[in-house]
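Only one structure is covered here, and it is reproduced in the block below.
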DNA sequence: GAAATAGTGTCTGTAAGACAGTATGTC
DNA sequence: GACATACTGTCTTACAGACACTATTTC
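Protein chains in written order, with UniProt numbering: chain S, 1 to 266; chain P, 1 to 266.
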């Protein structure tokens, strides 16, 4: 038997090896369930606020807590594709090909799921346009929640659901989804110095004030005193990550000079 | 049956649910194998070069190619722990608790492993002190290879093994390990503006020239003309990521003024 | 002393951020 | 015209990077 193993591993051809390997039924060691989770951001145009999609769990485990959309990955499906598919299945929200998605990383803390050994690959999605979600299952209702920016760097962001209740990361999230959300916010904040993919939630064009308010969700330095002209200087003139695409043409927007419109570049 | 499901999911307690869930044998869907891979860097003190650990595969698949150390994750083992364990098992190199390790991310391209559905969680390790590796298996020989920095930003780094042969990312790597290595280099380069964990490979203290040569491996801007004084200015004075810890005391180092010693902070 | 190496201080160009002033809208 | 809003240009401060100069060593 050792000779057989050595023959196929080292002396035969690769296709001989693979035929032999698959005939061996080496599948008897334990494997984890692998899931994906998706931290989805979208800009609610009427409230003019950034929102995040959470699912309220009516069923065990973590009954009554909020969770991220997600689910099991299919055989030979890329993690990003699984995230798109599961998001559609759970919330009827379709993530188009051109939508920006990042992988945040794999979360594998032991016993993170009480049902058994499960590893999750977390993603984040910058969705546009904003769409209401339709829950496919009464037990798991998807809900857009408004993000309340962290006032100071010490504090954490929190969320307000459609009933006006506050959702705290420490108390109200299922599994280790609070960790996943914290890591996602940190990653987006760190990237703002050279990457503005998050502006895609604002749609094809947007104003510098919208950018400022969006960035403020992730980094308190972009507060109401932060100069809009500097956003243009940094992201349009220097980094070329945004570009000017004209002005607001329809009047009656509000008092004041017409807003310059920016757009995400490339 | 629907009523039973609904009872345990929504009406019973969580522990009732979990007992029921585990009795259901819902394990009949297919699961992937989950592996970890580890991009390990260490500073070879005699050559004064940064090296990376690769394993030459004598067996199929990818016979004759180089691969990263790695292997299967154990049930309820954190990915980082699995990376440490597998590194020890394959190369007899022990990664201590305090050694810096980053997770790079999950790689899930379909059919990335010809043996079957496999997802890998890639890590990178900044090892100190440098140790020679002992291969546990004749079929997979671990080898420290020297990193040849990319001359221009357009080019890729390549590697030189102990026999003096050049290893190219495009031709000589098994699985999708070239992708993993590229992503790792990119991640370290982007982090250099605010994170110098990589300096841990240099040990408890090191000179500014060592830092410059180390950073040059990841970012061509740190070339031989890059001013050493600016490294001190940026990382010691402004960012406080490194600190001065005295001078080289033993003479007979080389001609010239005694070198200032720096160390990784925190 | 010559050569080699490294640290110090200064200079310059650029960029971030603040802000005063100006332009353009509504009511 | 009063007021609201947002763009423009300038000023200040800070810092990255370059470089000339000085310090300390070996041979």
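Where a beta carbon is used, it is the ideal one built from N, C-alpha and C, also for glycine. Note that this is a predicted model, so its numbers are computed, not measured.
Could you pull out every residue in the same chain whose Cβ sits closer than 8 Å to the Cβ of residue i, ignoring the five residues on either side in sequence?
i, result
"residue 128/S", "42, 43, 99, 200, 201, 202, 203"
"residue 123/S", "36, 37, 38, 39, 79, 80, 83, 101, 102, 103, 104"
"residue 160/P", "145, 146, 148, 166, 167"
"residue 162/S", "143, 144, 145"
"residue 243/P", "236, 262, 263, 265"
"residue 30/S", "117"
Residue i to residue j, Cα distance in whole Å?
i, j, result
"residue 241/P", "residue 13/S", "52 Å"
"residue 53/S", "residue 39/S", "7 Å"
"residue 216/P", "residue 50/P", "10 Å"
"residue 133/S", "residue 126/S", "15 Å"
"residue 19/P", "residue 176/S", "21 Å"
"residue 197/S", "residue 22/S", "43 Å"
"residue 3/S", "residue 214/P", "46 Å"
"residue 226/S", "residue 103/S", "30 Å"
"residue 55/S", "residue 151/S", "25 Å"
"residue 286/S", "residue 34/S", "Outside the shown range of chain S, which is 1 to 266, sits residue 286/S, and nothing can be said about it."
"residue 222/S", "residue 221/P", "30 Å"
"residue 115/P", "residue 48/S", "50 Å"
"residue 194/P", "residue 169/S", "27 Å"
"residue 230/P", "residue 179/P", "32 Å"
"residue 156/P", "residue 211/P", "21 Å"
"residue 233/P", "residue 184/P", "27 Å"
"residue 190/P", "residue 186/S", "15 Å"
"residue 11/S", "residue 72/S", "38 Å"
"residue 255/S", "residue 141/S", "40 Å"
"residue 59/S", "residue 65/S", "9 Å"
"residue 74/S", "residue 91/S", "18 Å"
"residue 171/P", "residue 62/P", "11 Å"
"residue 77/S", "residue 32/P", "10 Å"
"residue 117/S", "residue 158/P", "38 Å"
"residue 109/P", "residue 257/S", "50 Å"
"residue 154/P", "residue 154/S", "40 Å"
"residue 113/P", "residue 24/S", "17 Å"
"residue 267/P", "residue 224/S", "For chain P, the structure presents residues 1 to 266; residue 267/P sits outside this window and is missing."
"residue 238/P", "residue 239/S", "23 Å"
I believe residue i touches residue j by the beta-carbon criterion, under 8 Å. Please report the beta-carbon distance rounded to the nearest angstrom.
i, j, result
"residue 70/P", "residue 86/P", "6 Å"
"residue 173/S", "residue 207/S", "In fact, because the Cβ distance is near 33 Å, the residues do not count as touching under 8 Å."
"residue 218/P", "residue 188/P", "5 Å"
"residue 130/S", "residue 45/S", "6 Å"
"residue 228/P", "residue 209/P", "6 Å"
Which residues in the same chain as residue i place their Cβ atom closer than 6 Å to its Cβ, once the five residues preceding and following it in sequence are excluded?
i, result
"residue 246/P", "261"
"residue 67/S", "55, 57, 174, 177"
"residue 264/P", "199, 200"
"residue 94/S", "88"
"residue 121/S", "36, 79, 106"
"residue 205/P", "245, 261, 263"
Between residue i and the rest of its own chain, which residues show a CB-CB distance below 7 Å, the 5 nearest in sequence each way excluded?
i, result
"residue 5/S", "none"
**Message:** Residues of the stretch 100 to 112 of chain P in Cβ contact with chain S at a cutoff of 7 Å, in chain order, please.
**Reply:** 103, 105, 106, 108, 109, 110, 111
**Asked** Between the stretch 44 to 66 of chain S and chain P, which residues of the former have a C-beta closer than 9 Å to a C-beta of the latter?
**Response** 58, 59, 60, 61, 62, 63
**Message:** Please identify, using Cβ separations under 8 Å, the residues of the stretch 164 to 178 of chain S that lie next to chain P, in order along the chain.
**Reply:** Listed by position along the chain: nothing, the set is empty.
**Message:** Which complete alpha helix (DSSP H) runs does the UniProt domain "Nudix hydrolase" (33 to 166) of chain P hold, if anything under 4 residues is left out?
**Reply:** 79 to 91
**Item:** Residues of the stretch 238 to 250 of chain P whose Cβ lies closer than 7 Å to any Cβ of chain S, in chain order
**Value:** Taking 7 Å as the upper bound on Cβ-Cβ separation, chain S lies near no residue of the stretch 238 to 250 of chain P.
**Prompt:** Taking Cβ-Cβ distances below 9 Å as the criterion, which residues of the stretch 67 to 78 of chain S are in contact with chain P?
**Reply:** If you check each beta-carbon in the stretch 67 to 78 of chain S against every beta-carbon of chain P, the ones closer than 9 Å belong to 72, 73, 74, 75, 76, 77, 78.
**Prompt:** Name the residues in the stretch 219 to 232 of chain P whose C-beta lies less than 7 Å from a C-beta of chain S; which are they?
**Reply:** none
**Cβ-based contacts, 7 Å cut-off: residues of the stretch 9 to 25 of chain P near chain S** = 9, 10, 14, 17, 18, 21
**Prompt:** What alpha helix (DSSP H) runs, 4 residues minimum, are completely inside the stretch 183 to 256 of chain S?
**Reply:** 208 to 218, 228 to 231
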